[in-house]
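Quick note: the sequence shown uses our numbering, first residue 3, plus one each step.
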Amino acid sequence: MAWAEAQYSEYTANEIEARNTDPAWVEVRDQHISYQGAKEVAEALKINSTLTSLDIGNNSISKEGAKAIAESLKVNTTIKTVNIGNNNMSDEGAKAIAAALEVNSTITILNIERNSRSSMWDSISYDGAKAIAGALKVNSTLTTLNIEGNNIRKEGATAIADALKVNSTLTTLNIRRNNIPDDGVKAIAESLKVNTTLTTLNIGDNGISDEGANAIAAALKVNSTITSLDIDNSSTSDEGTKAIAEALTVNSTITSLNIGRNHISDEGAKAIAGALKVNSTITSLNIGWNDISDKGGKAIGEALTVNSTITSLNIEWNDISDEGAKEVAKALTVNSTITSLNIGRNHISAEGAKEVAKALTVNSTITSLNIGDNSISKEGAKEVAKALTVNSTITSLNIGSNDISDEGAKAIAAALKVNSTITSLDIGGNDISKEGANAIAESLKVNTTITTVNIGWNNISDEGANAIAAALKVNSTITTLKIETNSISDDGAKAIAGALKVNSTIASLYISRNNISGEGAKAIAEALTVNSTLTTLDIERNGISDEGTMAIAEALKVNSTITTLNIERNSISSIGIKAVEKALKINKTLATLYIEDNSISNQWSKSVGEGLKMNRTLASLGNGNNSISEETAKAVEGPMKMNSGLTSADIRATV
């Protein structure tokens, strides 16, 4: 085994083996695995000599299960990655893991995030953090530590800070969402003044106020190794932001800064903008989800006219309207480094979109533009469409959720007939009906560069689906198509299925959340018997039931390309899963199967387990939220031991 993942279910070591004799990854996430199951996994780890990654996260192994896993890690010499997050392991479990780290010499990545599923009493508090910190003082192999979403508070953060002063191998530390007050943040900041190996620090979502931000800023003035800093989702206002901005004027190593989701208004934005005028290392800046209005937007835009290093800018979800958008657009006419711009979820109307569109006619570096979730309407879409007829660099465009309607979709479609660079287009959630879908479909018949199209969350109905299907019969470049949530019934599904019989490029199809029943599923299944390119099929949240599932299962017996299948939430019972069992005995390519939230009972796991005795390729199995008991999960253990390909298994026990 090369990867064992046990998450949130009553999957046990036996189930792991039931699906794999030499897997690269065994995932049983969300299965409510208890400490008994964890103990079985631990016993296997003591003798296993090939497993390199263990993921037993999102379960209920508690401190007892964590102790068992920890003991196995003291003798195991191959595991390099361990995910034991989301398990209610408490401080006792953390202490056991820490003890293992003091002697283990192979683990490089450790994830113990969110160990507070039922209450804060089950989380890792400062006592557990102190133990982990103690281990960091002697461990010489761990490079990545994720302790996000616990309750380490000031004392735990201080202990970790002390460890950072002597540890010389840790490069990535994630301690976000840990109720760390400013005093704890100050301790971390002080350690950064002497630590010379940490390059990535995520300390966001800790309620960091200006006091903590000031401390971080002071550290950045002397630290010369941190390249990525995340202090998002905190309580930093303009004062703290100004301190960070001042640090950026002297810091020469930070390349990525995330200060989104704070309380930054125009004054803070202006300070950051001022720093960008002199800073020459920042390449990625996220200042989204704040309270920046047009004044701040204008300042950012002005900075972009002189900054020559920023390549990615995210200012989404602020209060920027057309005036701010115009200034940013103006900057794009002279800036030659920005490649990715996200101004989605603001208050930009057709007027602002028009200015951005004009900038695109002269800008030659922007490759990704997200202007989704604004109010550009059909008029703004028309302006963007005009720009696309001359722009030769944009490869990814998101104008979803903008109420562009059919008229706007038609304009975009016309542009796609002449544009030769767009590869990804998102026009989802735009109130597009069959008319707009027909126009898009016609453009896809002649466009030779688009590879990804998202027209989901509209109302194209069967008629629109028929048009898209007709386009797929002649289009030879689209690899990913998203048409979920579009009121498509069996007729539309049959049309898409017909296209799949002749199309030779579509690799991923998302047709979930529609009204497809057994008949539509049968048509898709028939297509799978001849299609040789589709690798991912998502038909969750339809109504395919057992009849459709059995047809899909039969197709899997002959299909040799599908690697990922999602049939979750489709009212499938154990009858349908029995058919899946038979298919798994024959299929040699399916790597990921999602069948969560159906009506599957205990019998399902035994059936699937039987199928896995002969299957050697299934790498990920998701079947949470059914009616599986721990006893049933254990019954699958044997077959899993025989499977040589399973890398992820989700069979969460719910009874």
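By construction, the Cβ of each residue, glycine as well, lies at the ideal position given by its N, Cα and C atoms.
Quick caveat, the model's predicted, so the values are computed rather than measured.
Asked, Found
"At the level of alpha carbons, what is the spacing between Glu-381 and Leu-144?", "54 Å"
"Report buried or exposed for Ser-36, applying the criterion of at least 16 other Cβ atoms within 10 angstroms of its Cβ.", "buried"
"Helix, strand or coil for Thr-201, going by three-state DSSP, please let me know.", "coil"
"Could you name each continuous alpha helix (DSSP H) segment of 4 residues or more that falls completely within the stretch 395-424, going from the start of the chain to the end?", "407-418"
"Residue range of the beta strand (DSSP E) that Ile-256 falls in?", "Note, Ile-256: premise wrong, no beta strand (DSSP E); not H, not E."
"I'd like the span of the alpha helix (DSSP H) that includes Leu-586, first residue to last.", "576-588"
"Please list the terminal residues of the continuous alpha helix (DSSP H) segment that includes Asn-440.", "436-446"
"Determine whether the beta carbon atoms of Gly-550 and Ala-529 lie at a separation below 7 Å.", "no"
"Distance, Cα to Cα, Gly-262 vs Ile-490?", "38 Å"
"Start and end of the beta strand (DSSP E) containing Asn-85?", "83-85"
"Given a cut-off of 7 Å, decide if Ile-470 and Ile-513 are closer than it, judged by their beta-carbon atoms.", "no"
"Under the rule that 16 or more other beta-carbon atoms within 10 Å means buried, what is Asn-204, buried or exposed?", "buried"
"I need the DSSP call for Ser-226, collapsed to helix, strand or coil.", "coil"
"Look at the Cβ atom of Ala-98, then the Cβ atom of Lys-69, and state whether they are nearer than 7 Å.", "yes"
"Please report the Cβ distance between Ile-162 and Ala-133, rounded to the nearest whole angstrom; I am assuming they are in contact, meaning their Cβ atoms lie under 8 Å.", "Actually they do not touch by this definition, with Cβ atoms about 11 Å apart."
"Using only the alpha-carbon positions, how far apart do Gly-410 and Leu-315 sit?", "26 Å"
"Give me the Cβ distance between Gly-431 and Gly-402, rounded to the nearest whole Å; I'm assuming they're in contact under 8 Å.", "5 Å"
"Roughly how many angstroms separate the alpha carbons of Arg-543 and Leu-502, rounded to a whole number?", "21 Å"
"Report buried or exposed for Lys-195, applying the criterion of at least 16 other Cβ atoms within 10 angstroms of its Cβ.", "exposed"
"Candidates Asn-60, Ile-182, Leu-75, Ile-63: which alpha carbon is nearest Lys-48's?", "Leu-75"
"By Cβ distance below 6 Å, which residues in the same chain neighbour Ser-379 in space, the five residues on each side in sequence not counted?", "Ala-352, Asp-405"
"Please tell me whether Thr-229 and Thr-255 are closer than 7 Å, where the distance is taken between their beta carbons.", "yes"
"Please classify Lys-484 as buried or exposed, where buried requires at least 16 other C-beta atoms within 10 Å of its C-beta.", "buried"
"So does the stretch 301-309 actually touch the stretch 277-284, counting three or more Cβ pairs closer than 8 Å?", "yes"
"Am I right that Ser-573 and Ser-547 are in contact with their C-beta atoms under 8 Å? What's the rounded C-beta distance?", "5 Å"
"Would you report the Cα separation of Ser-226 and Ile-457, rounded to the nearest angstrom?", "46 Å"
"Within the same chain, show all residues whose beta-carbon is closer than 7 Å to that of Lys-447, passing over the 5 residues directly before and after it, in chain order.", "Ala-473, Val-476, Asn-477"
"Got a sec? Which residues, its chain only, sit under 7 Å from Thr-591 by beta carbon, not counting five neighbours each side?", "Ser-562, Thr-563, Ile-564, Thr-565, Thr-619"
"Are Ile-266 and Thr-243 closer than 7 Å when you measure CB to CB?", "yes"
"I'd like to check one pair, Thr-313 with Thr-658: are the Cβ atoms closer than 7 Å?", "Any property of residue 658 remains undetermined from this structure, which presents the chain solely from 3 to 657."
"Looking at Asn-90 and Glu-115, is the spacing between their C-beta atoms short of 7 Å?", "no"
"What residue from Lys-156, Ser-407, Gly-545 has the CA that sits closest to Arg-515's CA?", "Gly-545"
"What are the boundary residues of the alpha helix (DSSP H) that includes Val-386?", "379-390"
"Judging by CA-CA distance, which residue of Ile-71, Ile-182, Thr-80 is the nearest neighbour of Ala-100?", "Ile-71"
"Let me know the alpha helix (DSSP H) ranges lying completely inside the stretch 514-560, each 4 residues or longer, listed in chain order.", "520-530, 547-558"
"If I measure Cβ to Cβ from Ile-588 and keep anything under 7 Å in the same chain, skipping five residues before and after, which residues do I get?", "Lys-559"
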